[in-house]
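Written out below as structure tokens is the structure these notes cover.
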Amino acid sequence: MQRIDIHVFTLGDDSWSAIEDALGDRRLNKARPARYAGDLATAIAKYEHEPSPGLLIIETREAPAPLFSQLERLSAVCRGETDLILVGGHNDVGLYRQLLRRGVFEYLNLPLDSRHLAEILINVCAGPDSGRQGRLISFIGASGGAGSTSMANNVAWQLGKVYADEVTLVDLDLSSGTVGLDFNLESPQTVAQALAQVDRLDDQMLERFLVSYNDNLSLMTAPGDCGTPADLDTVALDAFLAVLRRNAAWVVLDLPRHWGGWVRHVLDASDEIVVTAAPTLGSLRNAKSAVDLLAAGRRNDAPVRVVLNRAGGNPKTDIPAKDFAGTFGSKPAAIMPSEPAAFAAAVTRGQTVGESARGARLTEPLRRLAIQVSGRPEPRKPKGFSWPRLLPATLAWSR
Numbered sequence: 011m012q013r014i015d016i017h018v019f020t021l022g023d024d025s026w027s028a029i030e031d032a033l034g035d036r037r038l039n040k041a042r043p044a045r046y047a048g049d050l051a052t053a054i055a056k057y058e059h060e061p062s063p064g065l066l067i068i069e070t071r072e073a074p075a076p077l078f079s080q081l082e083r084l085s086a087v088c089r090g091e092t093d094l095i096l097v098g099g100h101n102d103v104g105l106y107r108q109l110l111r112r113g114v115f116e117y118l119n120l121p122l123d124s125r126h127l128a129e130i131l132i133n134v135c136a137g138p139d140s141g142r143q144g145r146l147i148s149f150i151g152a153s154g155g156a157g158s159t160s161m162a163n164n165v166a167w168q169l170g171k172v173y174a175d176e177v178t179l180v181d182l183d184l185s186s187g188t189v190g191l192d193f194n195l196e197s198p199q200t201v202a203q204a205l206a207q208v209d210r211l212d213d214q215m216l217e218r219f220l221v222s223y224n225d226n227l228s229l230m231t232a233p234g235d236c237g238t239p240a241d242l243d244t245v246a247l248d249a250f251l252a253v254l255r256r257n258a259a260w261v262v263l264d265l266p267r268h269w270g271g272w273v274r275h276v277l278d279a280s281d282e283i284v285v286t287a288a289p290t291l292g293s294l295r296n297a298k299s300a301v302d303l304l305a306a307g308r309r310n311d312a313p314v315r316v317v318l319n320r321a322g323g324n325p326k327t328d329i330p331a332k333d334f335a336g337t338f339g340s341k342p343a344a345i346m347p348s349e350p351a352a353f354a355a356a357v358t359r360g361q362t363v364g365e366s367a368r369g370a371r372l373t374e375p376l377r378r379l380a381i382q383v384s385g386r387p388e389p390r391k392p393k394g395f396s397w398p399r400l401l402p403a404t405l406a407w408s409r
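Take the position in the sequence shown, starting the count at 1, then add 10; the result is the number in my numbering.
Structure below.
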């Protein structure tokens, strides 16, 4: 996301409140907004004497005829690279098309939807070379042994299977990561090696770092070496993730279970966050704390998703799913039944549970979770072909 100055001209607090919410989106952290009271006329007077910013958001209540006249005057005093988003009260498709033909980036009706506006602002503020941006999905455990890595592995595989598109699974638990062991694969070079030479990492070089599991899923594994430094440079991480996101529809990250600075940095940059918890009091407490902390900065994002793993394994001591849901005020994104034998059998074969005959009870909740975090609608099932109904033998030519 590029740095950009945004000047906002509003005629009231209601529109500014929605715009302010949109500008507070974590993905717009490089934007530099400034608010002014006024409309198109105010903006015209201002930029007759000073340079216009990269983006203007202007509220107007003008009728179409004077509106077009003011747009021409504004165009005459603004720099050619200034984008304009107009906010008004005319819900008219014809007006909308005319405004776009005149170079307006977007026209939005009042009242404003802050989430919709945030997505538009992100499109405007994206750098000219940003290109494709794969969806970044981070998995982290609420407690040790909650099964976050298993969730990341299986959801990554499900994404590729459901959508037949490219998925890259990255193990960022450098000292203790097990993604390579789980799939019985090791990437030619580890994540640590990629980060050490991120200044040279490009799309072609990335291909040599990944190992393919199937046509849709590629892996980059961790060193699995306790001597590997646990602290990562966030600048190098951002550059690394940018290359990954240019080359896959989804980048799935398996994060270590600690709240170091770089882990929080990655979580804040993620499009989706999945917190995996076990049905224990400690795991429930940690999951609630994580969700409350992360949700505060994600007003325009998908909610932090909580997975209750290993449910029903020990009914006498486990926290019931309904009590777990009551703590969060909603059902978990997925409830995974306790099937340790199915997971163990899959890992022994270097597979996911979706490929294992013993994983039938686990496949559907994992598939549904993959659809939730995909950012895409569920693919429609192709309609089966059916032969025409046979007509009775009393056809005209048989009589």
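We treat Cβ as the ideally placed atom computed from N, Cα and C, and that holds for glycine.
- For residue 43, the enclosing beta strand (DSSP E) covers residues 41-47.
- Rounded to the nearest whole angstrom, the C-alpha separation of residue 278 and residue 389 is 29 Å.
- With fewer than 16 neighbouring CB atoms inside 10 Å of its own CB, residue 358 falls in the exposed class.
- Classified as buried, residue 116 has 16 or more neighbouring CB atoms from the shown chains inside 10 Å of its CB.
- Rounded to whole angstroms, the gap between the alpha carbons of residue 45 and residue 338 is 36 Å.
- Inter-segment contact for the region 298-318 and the region 347-356 is absent: fewer than three beta-carbon pairs are separated by less than 8 Å.
- Within the region 221-284, the complete alpha helix (DSSP H) segments of 4 residues or longer fall at 244-256 and 271-279, listed in chain order.
- For residue 221, the closest C-alpha among the options 101, 169, 332 and 198 is that of 198.
- Counting of Cβ neighbours within 10 angstroms places residue 144 among the buried residues, the total reaching 16 or more.
- Distance from residue 152 to residue 293 at the Cβ level is roughly 5 Å; contact confirmed, criterion being Cβ atoms closer than 8 Å.
- According to DSSP, residue 145 shares a beta bridge with 260.
- 9 Å or more divides the Cβ of residue 179 from the Cβ of residue 172.
- Within the DSSP bridge table, the entry for residue 163 names no partner.
- Between the region 102-114 and the region 209-229, the count of Cβ pairs shorter than 8 Å is below three; the stretches do not touch.
- Note that the C-beta distance between residue 280 and residue 67 is not below 9 Å.
- Boundaries of the alpha helix (DSSP H) harbouring residue 126: 124-135, taken from the DSSP string.
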